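Engineer:
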Amino acid sequence: MKKRAFENYQKLALILRAVDQMLFESAQLYNRAAYSDETLRIDRKLQRMKSQAEEELFKDYPEQADTSIFYGSEARQLNIEYGTDFIHVKLTRKE
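Each residue of the sequence shown is one higher than the one before, counting from 4 in my numbering.
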């Protein structure tokens, strides 16, 4: 199997982190038990996807691999801005 480019792992991690955060925020806004059950189910699958991608990253790029791209850190902040007709996701890095 051809390995992914490191940049693609970074994009995948950003997407998974953004989906994870938006799922959490939607559960907070909706605040209904039935919705919470569904978000929990989705979250479990999402966490499995993160784990699989993280394992592949460490296997393919052990020298560059860093869990902060999947889970965040003080140096890598995920910022999500919501509008009425857009969602803007940005990963900021503090040097």
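All residues carry an ideal CB built from backbone N, CA and C; glycine is no exception. Computed from a prediction, not measured in an experiment: that's the story for all the values here.
Just the Cα atoms here: how many angstroms apart are residue 61 and residue 12?
Structural biologist: C-alpha separation (whole angstroms): 10 Å.
Engineer: Between the segment 14–28 and the segment 77–85, can you find at least three pairs of beta-carbon atoms closer than 8 Å?
Structural biologist: Yes, the segment 77–85 is in contact with the segment 14–28.
Engineer: Using DSSP's beta-bridge definition, name the partner residues of residue 81.
Structural biologist: Answer is 94, bridged to residue 81.
Engineer: Under DSSP, the alpha helix (DSSP H) around residue 71 begins and ends at which residues?
Structural biologist: Unbroken alpha helix (DSSP H) run through residue 71: 71–74.
Engineer: Figure out for me which residue from 93, 33, 71, 39 has the closest Cα to the Cα of residue 54.
Structural biologist: Of the listed residues, the one whose Cα sits closest to residue 54 is 71.
Engineer: Is residue 90 near the ligand MG - that is, is its Cβ less than 7 Å away from at least one heavy atom of it?
Structural biologist: The ligand MG is not part of this structure, which contains no ligands at all.
Engineer: Inspect the beta-carbon positions of residue 68 and residue 97 and report whether they are closer than 8 Å.
Structural biologist: Not a contact, by the Cβ cut-off of 8 Å.
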